[in-house]
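Inspection log for the structure reproduced underneath, given as structure tokens.
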Amino acid sequence: MKIFSYFKDLYNLHCNYFESLINEILRYLPPKKACFLKNKMQKIQGKKTYFTFDEVNNIYYCSEDDLQHFFSNRERGFYLFSEGLKNRIKNLGESYFIDKINFEDDSVIIDCGANSGELYAYLRRIISPENYHFFEPSPTDFQSVQLNSGKVFGKMEALYSSEEDLKLHLAVTRGDSSILEPQKGFDKIISIKSTTLDKYVSHHSINSIRLFKVEAEGLEPEVLVGAHQSLQMIDYICLDGGEERGLAATETLSICSNLLFTNGFVIDFLSLRTARALFRNKNRVHHSNNRHNK
3 MKIFSYFKDL YNLHCNYFES LINEILRYLP PKKACFLKNK MQKIQGKKTY
53 FTFDEVNNIY YCSEDDLQHF FSNRERGFYL FSEGLKNRIK NLGESYFIDK
103 INFEDDSVII DCGANSGELY AYLRRIISPE NYHFFEPSPT DFQSVQLNSG
153 KVFGKMEALY SSEEDLKLHL AVTRGDSSIL EPQKGFDKII SIKSTTLDKY
203 VSHHSINSIR LFKVEAEGLE PEVLVGAHQS LQMIDYICLD GGEERGLAAT
253 ETLSICSNLL FTNGFVIDFL SLRTARALFR NKNRVHHSNN RHNK
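In our numbering, the protein residues as written are 3 to 296.
Quick look at the structure:
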């Protein structure tokens, strides 16, 4: 057993080294050649997801069986979807605990920090496309969501506590673009506009929201402040409150939890490892059929 374990570790070490070398090469190849090499690796490893560069839209996409998903950043996309597009979508749903919620065709979803639209990929077979509303201030990621969701309701703006002209620190490779300067650095700064959820739902005459996903790279408290009047019409809020707030990289889960507790929400599911939680509006949804401790 010790000899077997030794050779297994040696094999994994060489595989990891080889994969790191290929990933480094991929960074410098033109788009089509990078996809060709990546797909060779996928085939060798017996994986089912393959990558393509769309020259018309100047964007990448991955495919698995009948599923297709666009993404703007090659390095991040190769990393997220290498283990399988279906696997990534499933893991996202579980990590936000949205697999614990019952959805109907007319369920309204608000996606704050949509990235490439993976939340829609999870719900696309359940809800009507017109009921998915998203906010994504990064221009390249916004294009991805448009292509993935069929250009349904979306705003290339940031949800915030007020309507303002702001600066966005772009860190697309890590998915860390934020109004606050990220601790791990950024690529460049662009000008964006912000709005509030209260303003948006009023403009679109929305009076019931099944799920509000909040992932704002450290600005989650401001997003909730801008949704103060809308909270009463929301059934569930899934929130990422990890250590992403500014240069100090502080967590936001605690302050967001206290804010939501005072507005009638309780935590149904919580992962301290990922700092993600699913909040339920106890005034609208009186019982959780799947409640447990995680």
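Beta carbons: idealized from backbone N, C-alpha and C, even for Gly.
Output the residue ranges of the alpha helix (DSSP H) runs that lie fully inside the segment 15-81 and measure 4 residues or longer, sorted by chain position. Within the segment 15-81, the complete alpha helix (DSSP H) segments at least 4 residues long are 33-46, listed from N- to C-terminus.
Grab me the residues of residue 266's own chain with a C-beta within less than 7 Å of its C-beta, minus the 5 sequence neighbours each way, in chain order. The residue labelled residue 266 in the question sits at position 264 within the sequence shown. The residues are 283, 284, 285.
Separation of residue 180 from residue 220, as counted between CA atoms: The count along the sequence shown starts at 1 and reaches residue 220 at position 218. The count along the sequence shown starts at 1 and reaches residue 180 at position 178. The straight-line gap separating the alpha-carbon atoms of residue 220 and residue 180 is approximately 8 Å.
Please go through the same chain and pick out, in chain order, the residues whose beta-carbon is closer than 6 Å to the beta-carbon of residue 138, but skip the five residues on each side of it. Taking the first residue of the sequence shown as position 1, residue 138 is located at position 136. Excluding sequence neighbours, residue 138 sits near 116, 144, 147.
Count Cβ pairs between the segment 40-57 and the segment 123-137 that sit closer than 8 Å; are there 3 or more? The segment 40-57 vs the segment 123-137: no contact.
Does DSSP classify residue 86 as helix, strand or coil? The residue labelled residue 86 in the question sits at position 84 within the sequence shown. Correct three-state label for residue 86: coil.
What three-state label does DSSP hand residue 251 in the structure shown? Reading the sequence shown from its first residue, position 249 is the one you call residue 251. Note: residue 251 maps to coil in three-state DSSP.
Compute the distance between the beta-carbons of residue 61 and residue 238, then report whether it is under 9 Å. As a working note, residue 61 is residue 59 in the sequence shown. As a working note, residue 238 is residue 236 in the sequence shown. At a Cβ-Cβ threshold of 9 Å, residue 61 and residue 238 do not count as neighbours.
Complete alpha helix (DSSP H) runs within the segment 215-280 (minimum length 4 residues, chain order): Note on the segment 215-280: whole alpha helix (DSSP H) runs with a minimum of 4 residues are 222-227, 255-263, in chain order.
Rounded separation between residue 51 and residue 40 - CA only: Here residue 51 is taken as the residue at index 49 of the sequence shown, counted from 1. Here residue 40 is taken as the residue at index 38 of the sequence shown, counted from 1. Those two C-alpha atoms are separated by around 10 Å.
Suppose you measure from the CA of residue 21 to the CA of residue 28; what does that come to, to the nearest Å? Walking along the sequence shown from the start, residue 21 turns up at place 19. Walking along the sequence shown from the start, residue 28 turns up at place 26. If you take the alpha carbons of residue 21 and residue 28, they lie about 10 Å apart.
Assuming residue 279 contacts residue 241 (C-beta within less than 8 Å), just tell me the rounded distance between them. In the sequence shown, residue 279 corresponds to position 277, counting from 1. In the sequence shown, residue 241 corresponds to position 239, counting from 1. 6 Å between Cβ atoms; contact.
Closest to residue 226 by C-alpha separation, out of 200, 250, 205, 207, would be which residue? The count along the sequence shown starts at 1 and reaches residue 226 at position 224. In terms of Cα proximity to residue 226, the closest of 200, 250, 205, 207 is 200.
Three or more C-beta pairs under 8 Å: does that hold for the segment 242-260 against the segment 201-211? With the cut-off at 8 Å, the segment 242-260 and the segment 201-211 do not touch.
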